[in-house]
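Chemist: Sequential numbering from 1 applies to the sequence shown in the UniProt record's numbering. Take this structure first; my questions come after.
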Amino acid sequence: MMFENATLVRPRFFYINGFSGIPHTKYYYVFLCFVYAVTVLANYFILFIIYIEKSLHTPKYLAVFNLAVVDMCGSTALIPKMIETFVFDSQFITYEACIANMFFVQFFIFLESLSLAVLAYDRFVAICFPLKYDIVNTNSQMALILAGVWFFTLVLMIILLGLITTLSFCKTIVIDSYYCDHGPMYRMACNNNFPSYIMAKIVITVFIFAPLVLILLSYVCIIFALLKIASGEQRLKAMKTCTSHLLLVTVFYIPISATYIAAIMSTLHPNTRIISTSLSSTIPPMLNPIIYTIKTEEIMTAIKKLYKRNKTITATNYNNDNIVHLCQ
């Protein structure tokens, strides 16, 4: 059923198609359910560690805390709705809910990209300008940068969705994706979708390729700075502080960039697009906290301190209980 708003034609519902012609796809969505559970637990753990350990209240870990929040929110915006849609056969979605779904999923995907760029900025300042780090990159300045990133992303997303609401959908209501994806949706329009096409290119450039270029440039500067360090041991120690971030950048940008480049150069089959974009949107938020926990010395030290503290408290409580018992 359609309804008209002035000259616009909007469906009351869209149908999210998902995979086409592939048997047993529900198992894939059940796998994503497992990914979501690990994502929430791992990110909650790293948020808890950073919050409780005062030594981690630094600009770097403020940015890591922000990334964990973005990862949790992004996965929550995407995966539970996918489970409801495809595991419980609820593929019809109202027009308003579809717009909201598009906003939250893409908002957090783009925020993750910019959050990785902010972490690159932190490493750039720490290694290239170590003597000025405490002046240039304070907690308040990092908080201001992160607030600016959220506000900038919000503004561009509002423009993106504003253009979508100017489109008429009278050709089809079937979205060839796993959520209300912007690309497949604006292509369904039967009126002029050129502004949405241009905005899609701008958004991809601003949120995917520009941050990646800035990250790569920051690491070129870091490499030159490390080459000036005489001691090989100091050079290795400085580089170790970047390994976690480099792994995150690799996990996030290679799959998503490859997908967008392939889509620009040729026509991707919907199934290929769905599996590549869904994995690149769900696997990095799960791996980010795990990589930071395993590969970052400060977080491992904080975990060991917390474990020893809890062990001491448990032993003290046990001894006190024994004393009370003996006195009785």
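Using N, Cα and C, we set each Cβ at its ideal position, and we do this for glycine too. Predicted model, so just to flag it, every value in this text is computed and none were measured.
Might you give, ordered along the chain, the residues of its own chain that have their beta carbon closer than 6 angstroms to the beta carbon of residue 373, omitting 5 neighbours on each side?
Modeler: The requested residue 373 does not occur in the structure, where the chain is confined to residues 1 to 328.
Chemist: Would Ser280 pass as a contact of Ile261 if the rule is Cβ separation under 8 angstroms?
Modeler: Contact flag unset, no.
Chemist: Heavy atom of the ligand NAP less than 7 angstroms from the Cβ of Pro130, yes or no?
Modeler: Among the components modelled here there is no ligand, and therefore nothing to report on the ligand NAP.
Chemist: Using DSSP's beta-bridge definition, name the partner residues of Val174.
Modeler: Tyr15
Chemist: Given this structure, state the Cα-to-Cα distance separating Ser113 from Ile208, to the nearest angstrom.
Modeler: Take the alpha-carbon of Ser113 and the one of Ile208: they are about 6 angstroms apart.
Chemist: Could you tell me if Leu248 is buried or exposed, where buried requires 16 or more neighbouring beta carbons within 10 angstroms of its beta carbon?
Modeler: So Leu248 ends up on the buried side.
Chemist: Using a 10 Å radius around the Cβ and a threshold of 16 neighbouring Cβ atoms, would you call Met185 buried or exposed?
Modeler: Burial state of Met185 is buried, judged by a 10 Å Cβ sphere holding 16 or more other Cβ atoms.
Chemist: From the DSSP secondary-structure annotation, give me the bridge partner or partners of Phe92.
Modeler: Tyr15
Chemist: Measure the C-alpha to C-alpha separation of Val30 and Phe103 and round it to an integer number of angstroms.
Modeler: Near 24 angstroms, if we compare the C-alpha coordinates of Phe103 and Val30.
Chemist: I'd like to check one pair, Cys180 with Phe14: are the Cβ atoms closer than 8 angstroms?
Modeler: yes
Chemist: Please report the straight-line C-alpha distance between Met1 and Pro11, rounded to a whole angstrom.
Modeler: Model confidence at Met1 stands at a pLDDT of 49, short of 50, so the residue's coordinates are unreliable and nothing is read from them.
Chemist: Kindly indicate which residue of Ile99, Thr138, Ile222, Ala77 has the alpha-carbon position closest to the one of Leu62.
Modeler: Measuring from the Cα of Leu62, the nearest candidate turns out to be Thr138.
Chemist: So, is Val118 buried or exposed, given that buried needs 16 or more other C-beta atoms within 10 angstroms?
Modeler: Result: buried.
Chemist: Would you report the Cα separation of Val38 and Asp122, rounded to the nearest angstrom?
Modeler: 27 angstroms
Chemist: Can you tell me whether DSSP reads Pro23 as helix, strand or coil?
Modeler: coil
Chemist: If you draw a straight line from the C-alpha of Tyr95 to the C-alpha of Thr166, how long is it?
Modeler: 13 angstroms
Chemist: Report all residues from its chain with a CB closer than 8 angstroms to the CB of Met300; omit the five preceding and five following residues, and keep chain order.
Modeler: Thr293, Ile294
Chemist: With H, G and I counted as helix, E and B as strand and the rest as coil, what does DSSP make of Tyr179?
Modeler: coil
Chemist: What are the start and end residues of each continuous alpha helix (DSSP H) run of 4 or more residues lying completely inside the stretch 108 to 191, in chain order?
Modeler: 133 to 136, 139 to 164, 182 to 187
Chemist: Quick check on His245: does DSSP put it in helix, strand or coil?
Modeler: Under the three-state reduction of DSSP output, His245 falls in the helix class.
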